[in-house]
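Novice: This structure is in structure tokens; I'll ask about it shortly.
Protein chains: 2
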Amino acid sequence: MTLDFSPVCPIPQGLPDTVQLAHGGGGRAMKQLIDGVFRAAFDNPYLAQEHDGASVETAARSALTTDSYVVWPLIFPGGDIGRLAVNGTVNDLAMCGARPRYMTAGFILEEGLSMATLTQIVASMAEAASAVDLPIVTGDVKVVDKGKADGLYINTAGVGDLVASGPIAPSQVRAGDAVIVSGDIGRHGIAVMAARNELGLESEIASDCAPLADPVLALVDAGIRLHCLRDLTRGGLASGLVEVAEASGLSVAADEVAVPVRDDVRAACELLGLDPVYVANEGRFVAFVDAEDAESTLAILKKFDVSRGSALIGAVADGPAGRVTMRGPLGPARVIDMLSGEQLPRIC
Amino acid sequence: MTLDFSPVCPIPQGLPDTVQLAHGGGGRAMKQLIDGVFRAAFDNPYLAQEHDGASVETAARSALTTDSYVVWPLIFPGGDIGRLAVNGTVNDLAMCGARPRYMTAGFILEEGLSMATLTQIVASMAEAASAVDLPIVTGDVKVVDKGKADGLYINTAGVGDLVASGPIAPSQVRAGDAVIVSGDIGRHGIAVMAARNELGLESEIASDCAPLADPVLALVDAGIRLHCLRDLTRGGLASGLVEVAEASGLSVAADEVAVPVRDDVRAACELLGLDPVYVANEGRFVAFVDAEDAESTLAILKKFDVSRGSALIGAVADGPAGRVTMRGPLGPARVIDMLSGEQLPRIC
């Protein structure tokens with residue numbers, strides 16, 4: 001594997017071509033890396049405090065989230081690990097019914113990582129954060145030995161203002177709730193697999209990696225009775241449905257024909273022997289809403305590019321707790337479990 | 001290198017002896033790992049929300065911090081990577097003048113990590129968090145291929161209530177300020193070096209790894225005019241002083257004889273050709289306080305075990321910006337710069 005990509009950003013002046021162990025040592029080299037690469041790209045008044053942490057204004061009720069990103073390759077059709085880290089943070093906050101306010105970023109860099117690649121990823125991350133007006137207020141850089149960390153890992157935490165009036169959580173789901181998916185599924189997983197060139201698959205499929213706060217906040221603003229939201233990352237739609245069904249003690253009956261899957265994604269899945277409901281997404285969520293609000297939920301979601309493909313795919317019913325069934329195109333329903341093993345490592 | 005240590009915790013029922021890639025896949029195996037190892041140890045009402053994030057109450061002004069931990073070995077005299085992660089989070093928040101309220105934890109696990117080791121580290125982390133009443137409210141688990149990540153990396157973010165009335169930051173430092181260090185320096189770095197058995201060094205020196213919130217909050221409560229606080233981790237006392245001097249545009253004149261260093265640490269440093277002022281700490285900070293408050297600062301700090309060894313080590317003066325000098329035992333002062341390269345990788 002190579003860690004080098006076509007450099008699209010010049011290396012900041014005074015920095016070497018590759019990351020060195022000294023860049024994590026807490027001394028002069030680290031300060032040069034932080035100032036030259038990170039502070040320059042993420043520039044905001046919080047970072048300018050130059051302190052061990054950032055001082056921020058917070059709402060009375062906040063949502064806190066965290067995620068690590070270890071995707072390989074670092075750059076793939078439709079995104080890269082930096083953009084993924086920002087959008088993943090935004091989406092976890094949105095799933096809590098929160099307006100994203102601040103994020104933190106911790107970087108674990110591999111000795112020998114191309115400085116051009118790092119600069120490119122940090123620029124992409126800064127662009128994604130700026131697009132959703134989410135300042136990266138504090139951060140950390142560590143460097144590990146060559147052979148570890150596949151270039152870089154990123155960890156983020158997010159803080160958001162809780163704007164939903166009530167809790168949005170599995171405990172709020174009720175029998176009869178409508179289950180809505182926000183768009184076609186499976187693109188992220190297929191895009192990453194194709195980018196690895198490991199599966200003999202060439203495709204034009206790009207990741208669905210995107211921020212989901214706008215449509216979710218529009219649902220909140222409209223007073224939709226949102227009971228639970230779940231973004232569909234690792235484990236795909238299937239794991240998202242089963243997790244919520246188990247945590248709420250209810251069952252879900254879904255209709256496979258109603259689940260949007262693009263033809264090229266479906267073809268790639270057939271070629272690879274994968275079931276699209278288990279393939280990862282990075283810009284899709286499932287909403288459990290009061291059945292009376294199903295139509296208005298769909299109408300609102302369809303106003304946004306990122307959720308224009310929303311569809312009603314099923315309903316919640318009383319027990320057995322955790323049971324998810326999916327009616328197939330030929331009629332009979334199959335029981336869907338969570339992914340039992342590992343479909344594809346390092347997908348996010 | 002081995003990733004196995006004497007297991008002190010039983011492996012939770014139903015889990016295999018080692019971490020597998022499937023434990024990061026978003027499916028059934030991941031849920032079993034999270035429930036069996038993490039949720040069981042960190043149990044609190046926030047985690048019980050079983051959501052993509054936690055809903056918490058926040059103050060109007062908060063401090064946000066983040067850090068990744070990549071220390072090797074994972075367990076060392078006086079601590080382990082889990083305890084280090086909690087205390088590091090507490091300390092970064094304290095340095096902002098904040099009362100620690102919540103933390104997040106992201107784990108990057110290596111395929112093949114001993115489940116007993118993971119369970120032991122998570123138990124230690126839970127104990128450290130409980131000791132300072134800091135709930136781990138949300139988390140994330142990723143698994144990377146064998147050969148990456150040296151067992152595990154941990155990333156944390158911290159949220160604290162800002163209780164200091166004004167900003168505590170380099171910009172607040174004034175010429176004339178007293179410079180106080182909170183105890184003897186260099187123990188963490190020497191303890192980790194000895195634990196690696198790489199340096200031909202046997203010693204009984206334990207890391208100073210400890211939470212610093214209590215003494216700092218006591219200074220805030222007493223109305224001490226705290227201008228800046230900096231915990232002395234990577235790069236040691238030297239880098240901490242130079243960073244604050246540079247960011248404040250002032251100089252610092254310190255007295256080497258006044259800097260507390262234990263005899264065994266000094267002896268180990270001499271053996272290894274290290275200068276104690278560059279060796280890492282994980283339970284020490286430097287305070288820049290109004291000169292009139294120097295005596296009362298010392299009196300308060302000496303009431304706490306963790307800062308009983310506090311000492312006045314110097315004073316701030318007008319320019320040249322960033323210049324730190326240290327008067328030696330024989331009289332003449334030397335100029336101290338940040339660590340220029342890497343003294344020891346993977347120290348925290």
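Protein sequences, first through last, are from chains Y and A.
Note that this note's numbering has the first sequence beginning at 1, numbered continuously upward.
Note that this note's numbering has the second sequence beginning at 1, numbered continuously upward.
Glycine included, C-beta positions come from ideal geometry on N, C-alpha and C.
Computed from a prediction, not measured in an experiment: that's the story for all the values here.
Need the endpoints of the alpha helix (DSSP H) that Asn155 of chain Y sits in, please.
Specialist: Mapped onto the first sequence, residue 155 of chain Y falls at position 155. Note, Asn155 of chain Y: premise wrong, no alpha helix (DSSP H); beta strand (DSSP E) at Leu152 to Leu162.
Novice: What residues in its chain sit with their C-beta under 6 Å from that of Ala157 of chain Y, if we drop five residues either side in the sequence?
Specialist: Position 157 of the first sequence, counting from 1, holds the residue named residue 157 of chain Y. The answer, listed in chain order, is Thr66 and Thr104.
Novice: Would you say Gln49 of chain A lies against chain Y (beta-carbon separation less than 7 Å)?
Specialist: The sequence position of residue 49 of chain A within the second sequence is 49, counting from 1. It does: the Cβ of Gln49 of chain A has a partner Cβ on chain Y nearer than 7 Å.
Novice: Answer with buried or exposed for Ser165 of chain A, where buried requires no fewer than 16 other C-beta atoms within 10 angstroms of its C-beta.
Specialist: For the purposes of this step, residue 165 of chain A is identified with residue 165 of the second sequence, where counting begins at 1. Ser165 of chain A comes out exposed.
Novice: Could you tell me how far apart the beta carbons of Val19 of chain A and Leu113 of chain A are, in whole angstroms, since I believe they sit closer than 8 Å?
Specialist: Here residue 19 of chain A refers to the residue found at position 19 when the second sequence is read from its first residue. Here residue 113 of chain A refers to the residue found at position 113 when the second sequence is read from its first residue. So it is a contact: roughly 4 Å between Cβ atoms.
Novice: Please specify which runs of the alpha helix (DSSP H), each continuous and at least 4 residues long, are wholly inside the segment 44–103 of chain Y, giving them in chain order.
Specialist: As far as the segment 44–103 of chain Y is concerned, its whole alpha helix (DSSP H) runs of at least 4 residues are 81–95.
Novice: Within the same chain, show all residues whose beta-carbon is closer than 8 Å to that of Gly14 of chain A, passing over the 5 residues directly before and after it, in chain order.
Specialist: Mapped onto the second sequence, residue 14 of chain A falls at position 14. Within the same chain, Gly14 of chain A has close Cβ partners Gln32 and Gly36.
Novice: What span of residues does the beta strand (DSSP E) with Arg284 of chain A cover, start to end?
Specialist: If you number the second sequence from 1, residue 284 of chain A lands on position 284. Looking at the DSSP string, Arg284 of chain A is not in any beta strand (DSSP E), and its letter there is neither H nor E.
Novice: Just tell me which of Y:Gln120, Y:Glu295 and Y:Ala48 has its CA closest to the CA of Leu74 of chain Y.
Specialist: Residue numbering aside, residue 74 of chain Y sits at position 74 when the first sequence is read from its first letter. It is Y:Gln120 whose Cα lies nearest to the Cα of Leu74 of chain Y.
Novice: Pull out every residue of the segment 7–24 of chain Y whose Cβ sits closer than 9 Å to any Cβ of chain A, in chain order.
Specialist: Residues Gln20, Leu21, Ala22, His23 and Gly24.
Novice: Consult DSSP for Cys209 of chain A and reduce its assignment to one of helix, strand or coil.
Specialist: Your numbering for residue 209 of chain A matches position 209 in the second sequence. Three-state DSSP puts Cys209 of chain A in coil, outside helix and strand.
Novice: Determine, using beta carbons only, whether Gly26 of chain Y comes closer than 7 Å to chain A.
Specialist: Counting from one through the first sequence, the residue named residue 26 of chain Y turns up at place 26. Cβ-Cβ to chain A under 7 Å: yes for Gly26 of chain Y.
Novice: Closer than 9 Å between beta carbons: that is the criterion. Which residues of the segment 203–231 of chain Y meet it against chain A?
Specialist: Within the segment 203–231 of chain Y, the residues whose Cβ lies closer than 9 Å to some Cβ of chain A are Cys228, Leu229, Arg230 and Asp231, listed in chain order.
Novice: In chain B, what lies closer than 8 Å to Val137 of chain A by C-beta?
Specialist: Protein chains Y and A are contained in the structure displayed, whereas chain B is not.
Novice: According to DSSP, is Ile300 of chain Y part of a helix, a strand, or is it coil?
Specialist: As a working mapping, residue 300 of chain Y is identified with position 300 in the first sequence. Ile300 of chain Y falls in the helix class under three-state DSSP.
Novice: Anyone know if the C-beta pair for Gly139 of chain Y and Leu339 of chain A falls short of 7 Å?
Specialist: Here residue 139 of chain Y refers to the residue found at position 139 when the first sequence is read from its first residue. Here residue 339 of chain A refers to the residue found at position 339 when the second sequence is read from its first residue. No, these two residues do not count as a Cβ contact at 7 Å.
Novice: List the residues of chain Y that Asn197 of chain A touches, going by C-beta distances under 9 Å, in chain order.
Specialist: Walking along the second sequence from the start, residue 197 of chain A turns up at place 197. Those do not exist, as Asn197 of chain A stays about 17 Å from chain Y at its closest Cβ, beyond 9 Å.
Novice: Round the Cβ separation of Val179 of chain A and Ile313 of chain A to the nearest angstrom and send it over; I've been treating them as touching at under 8 Å.
Specialist: As a first step, residue 179 of chain A is located in the second sequence; it is residue number 179 there, counting from the start. As a first step, residue 313 of chain A is located in the second sequence; it is residue number 313 there, counting from the start. Contact flag correct, Cβ pair sits at about 6 Å.
Novice: Which class does Ile121 of chain A belong to by DSSP, given the choice of helix, strand or coil?
Specialist: Along the second sequence, one-based indexing puts residue 121 of chain A at 121. Helix at Ile121 of chain A.
Novice: Could you compute how far the alpha carbon of Leu219 of chain Y sits from the alpha carbon of Arg284 of chain Y?
Specialist: Here the question's residue 219 of chain Y lines up with position 219 in the first sequence. Here the question's residue 284 of chain Y lines up with position 284 in the first sequence. About 15 Å.
Novice: Do you know offhand how far Glu256 of chain Y's Cα is from Met326 of chain Y's?
Specialist: One-based indexing of the first sequence puts residue 256 of chain Y at position 256. One-based indexing of the first sequence puts residue 326 of chain Y at position 326. Distance between the alpha carbons of Glu256 of chain Y and Met326 of chain Y: 6 Å.
Novice: For Cys228 of chain Y versus Pro170 of chain Y, is the C-beta spacing smaller than 7 Å?
Specialist: What you label residue 228 of chain Y is simply residue 228 of the first sequence in a count that begins at 1. What you label residue 170 of chain Y is simply residue 170 of the first sequence in a count that begins at 1. Contact flag set, yes.
Novice: Please check the pair Asp184 of chain Y and Leu212 of chain Y, which I expect to be a contact at CB under 8 Å, by giving their CB distance rounded to whole angstroms.
Specialist: Locating residue 184 of chain Y in the first sequence gives position 184, counting from the first residue. Locating residue 212 of chain Y in the first sequence gives position 212, counting from the first residue. So it is not a contact: roughly 14 Å between Cβ atoms.
Novice: Going by C-alpha distance, which of Y:Val279, Y:Phe107 and Y:Ala98 is nearest Pro345 of chain Y?
Specialist: Translated into the one-based positions of the first sequence, residue 345 of chain Y becomes position 345. Checked all of Y:Val279, Y:Phe107 and Y:Ala98; the closest Cα to Pro345 of chain Y is Y:Val279.
Novice: Helix or strand or just coil, what does DSSP make of Leu241 of chain Y?
Specialist: Position 241 of the first sequence holds residue 241 of chain Y. In the structure shown, Leu241 of chain Y sits in a helix (DSSP, three-state: H, G or I).
Novice: What first and last residue would you give for the beta strand (DSSP E) that runs through Cys356 of chain Y?
Specialist: Nothing about residue 356 of chain Y can be reported from this structure: the residues present for chain Y run from 1 to 348 only.
Novice: Give every residue of the same chain whose Cβ lies closer than 7 Å to the Cβ of Val56 of chain A, excluding the five residues on either side of it in the sequence, and list them in chain order.
Specialist: The count along the second sequence starts at 1 and reaches residue 56 of chain A at position 56. These residues qualify, in order along the chain: Tyr46, Tyr102 and Val137.
Novice: At a CB distance below 9 Å, what residues from the segment 251–281 of chain A approach chain Y? Give them in sequence order.
Specialist: Going along the segment 251–281 of chain A in chain order, one finds Tyr278 and Ala280 with a Cβ nearer than 9 Å to chain Y.
Novice: Could you check whether the segment 125–137 of chain Y touches the segment 259–274 of chain Y, counting it as contact only if at least three pairs of C-beta atoms, one from each stretch, sit closer than 8 Å?
Specialist: Verdict: no, contact absent.
Novice: Short of 8 Å in beta carbon distance, which residues of its chain neighbour Asp4 of chain Y, apart from the five on each side in sequence? Order them along the chain.
Specialist: Residue 4 of chain Y sits at position 4 when you count from the first residue of the first sequence. Bear in mind that the predicted position of Asp4 of chain Y carries a pLDDT of just 43, short of 50, making it too unreliable to give a figure here.
Novice: Between the Cα of Asp108 of chain A and the Cα atoms of A:Gly24, A:Val335, A:Gly88 and A:Gly331, which residue gives the shortest distance?
Specialist: As a first step, residue 108 of chain A is located in the second sequence; it is residue number 108 there, counting from the start. Here the sequence assigns Ile to residue 108 of chain A, which means Asp is not the residue at that position. It is A:Gly24 whose Cα lies nearest to the Cα of Ile108 of chain A.
Novice: Have a look at the DSSP bridge pairing and note the partners of Glu110 of chain Y.
Specialist: Position 110 of the first sequence, counting from 1, holds the residue named residue 110 of chain Y. For Glu110 of chain Y, which the question treats as bridged, DSSP gives the partners Y:Val144.
Novice: For Ala254 of chain A, write down the residues that DSSP places opposite it in a beta bridge.
Specialist: Translated into positions along the second sequence, residue 254 of chain A becomes position 254. DSSP output for Ala254 of chain A lists A:Gly314 and A:Met326 as bridge partner(s).
Novice: What do you get for Leu93 of chain A, buried or exposed, if any count of 16 or more other CB atoms within 10 angstroms of its CB means buried?
Specialist: Taking the second sequence and counting its residues from 1, one reaches residue 93 of chain A at position 93. Buried, by the Cβ-count rule.
Novice: Mind checking Glu110 of chain A: buried by the 16 CB within 10 Å criterion, or exposed?
Specialist: On the second sequence, position 110 is the one that residue 110 of chain A refers to. Its Cβ being crowded by 16 or more others within 10 Å, Glu110 of chain A is buried.
Novice: If you run the structure through DSSP and keep just helix, strand and coil, what is Arg196 of chain A?
Specialist: In the second sequence, counting from the first residue as 1, residue 196 of chain A sits at position 196. Note: Arg196 of chain A maps to coil in three-state DSSP.
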